[in-house]
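Residues in the sequence shown are numbered consecutively from 668, following the working numbering.
Glycine residues also receive a C-beta, built at the ideal position from the N, C-alpha and C atoms.
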Amino acid sequence: MPTKLKYIAGLKDYLRLDATIEANVVRELNAHLEDKSRELIESGLSKKEATATATKLLGSPGIVAKQMYEVYSQGSWRQALFAALPHLLVAALFAMHCWKNTFWLIGMLVAIAGSVIYGWCHGKPTWLFPWLGYCLIPVMAVGILLIYLPGSWAWFAATAYIPLALLVIFAVTKQTIRKDWLFASLMLLPIPIVLGWMLALELEGKVIWHEQLHEFAPLIALSFAVLALTVATFIRIRQRWAKVGALLTLEILILVIVGLGGKSTIGFGGWLILVLLALLLLLGPALLERKIKESDRKRIKSPNKSTHRLLSIISARRN
């Protein structure tokens with residue numbers, strides 16, 4: 668592979684920006700490399716030496732990509748508000764005790780579905796992933812509710828459903844990781860919180876469940892309001908390490924709120940499991956991204972059987 672193409676390919680591998688911004692950045696850097704190479708050729712270097720020198724002067728792809736990320740990754744306040752909006756809607760749902768209001772619930776479902784479809788079909792912008800997370804929560808919640816079925820049906824239904832639910836969540840997470848593992852962490856952010864509140868509520872008795880829902884409603888609203896603040900902070904911060912720090916710190920703070928609210932039913936052991944789950948969902952995508960990239964590189968380096976067959980046919984025809 669020519670030096671410039673190899674450099675641009677490496678740069679694309681490190682860049683984690685929206686598709687439109689990334690295309691503009693690559694185009695600008697490509698033009699800069701061409702201009703610099705032309706100057707070096709005019710000074711007496713060969714084309715190959717000029718290209719190698721120009722890429723060396725520009726810097727390693729990783730460092731350049733990091734600098735470009737810090738310049739272009741900060742979202743606008745409008746993007747931050749729209750990304751935080753699903754969490755604000757859930758916070759309002761509990762703050763105003765509207766969970767019994769059918770029109771409110773239907774409106775939320777329509778807003779979530781519409782936003783996800785629109786964002787998925789328009790380049791998967793950063794604001795999409797908090798909305799996408801709420802599409803995964805019902806998949807998880809149904810699996811938890813199956814445990815409360817009477818008799819042995821509970822474990823039978825859960826055993827059949829949970830692997831399917833995990834497969835769906837993993838497939839969506841894998842697609843998101845291909846864009847950026849931080850977006851997968853952002854998408855999975857509400858899961859430990861929703862799980863914590865579901866465990867805090869005694870779902871076995873309808874009367875007890877409604878009583879506790881009224882009791883916990885202010886704390887539930889507060890936890891999702893802090894979650895909205897977390898997402899807005901994530902969108903506005905430039906540095907990746909600061910984004911990770913914001914997600915970790917505020918997620919733990921929210922789980923403290925959940926632990927204080929549901930301490931009678933969750934207990935310290937349950938709260939500790941929620942914290943470990945949160946850490947797994949926040950940092951696990953980074954490890955999974957590394958595995959995916961290694962797998963992609965191996966697949967590119969090792970041609971498949973059809974490629975070998977095609978090469979042998981071409982070679983035979985030439986002979």
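query, result
"Taking C-beta to C-beta, are Val731 and Leu678 nearer than 8 Å?", "yes"
"Give me the Cα-Cα distance between Val783 and Met775, rounded to the nearest whole angstrom.", "12 Å"
"In terms of residues, what are the limits of the alpha helix (DSSP H) holding Met763?", "Taken as a continuous stretch (DSSP letters only), Met763 belongs to no alpha helix (DSSP H), as it is neither H nor E."
"Rounded C-beta distance between Ser704 and Ala721? I'm assuming under 8 Å.", "5 Å"
"What's the C-alpha gap between Ser973 and Lys715?", "The predicted model places Ser973 with a pLDDT of 49, which falls under 50 and marks its position as unreliable, so this point remains unresolved."
"Report yes or no: do the segment 758-768 and the segment 726-745 share at least 3 C-beta pairs separated by less than 8 Å?", "no"
"With DSSP collapsed to three states, give me the class of Gly742.", "coil"
"Please list, in chain order, all residues of the same chain as Ala892 whose beta carbon is under 6 Å from its beta carbon, the five residues on each side excluded.", "Ala758"
"Let's test the definition: count the other Cβ atoms within 10 Å of the Cβ of Glu956 and tell me whether it reaches 16, buried, or not, exposed.", "buried"
"Report, in whole angstroms, the separation of the C-beta atoms of Leu853 and Phe796, which I expect to be a contact under 8 Å.", "5 Å"
"Would you grab the beta carbon distance between Ile836 and Leu803 for me? Rounded to a whole angstrom, and I think it's under 8 Å.", "5 Å"
"Look up His699 in the DSSP assignment and say whether it is helix, strand or coil.", "helix"
"From Ile904 to Leu712, what does the alpha carbon distance come to, in whole angstroms?", "43 Å"
"According to DSSP, is Trp794 helix, strand or coil?", "coil"
"Provide the residue span of the alpha helix (DSSP H) that contains Leu774, from first to last.", "Reading off the sequence, residue 774 comes out as Gly, not Leu. Looking at the DSSP string, the run of the alpha helix (DSSP H) that includes Gly774 is 769-788."
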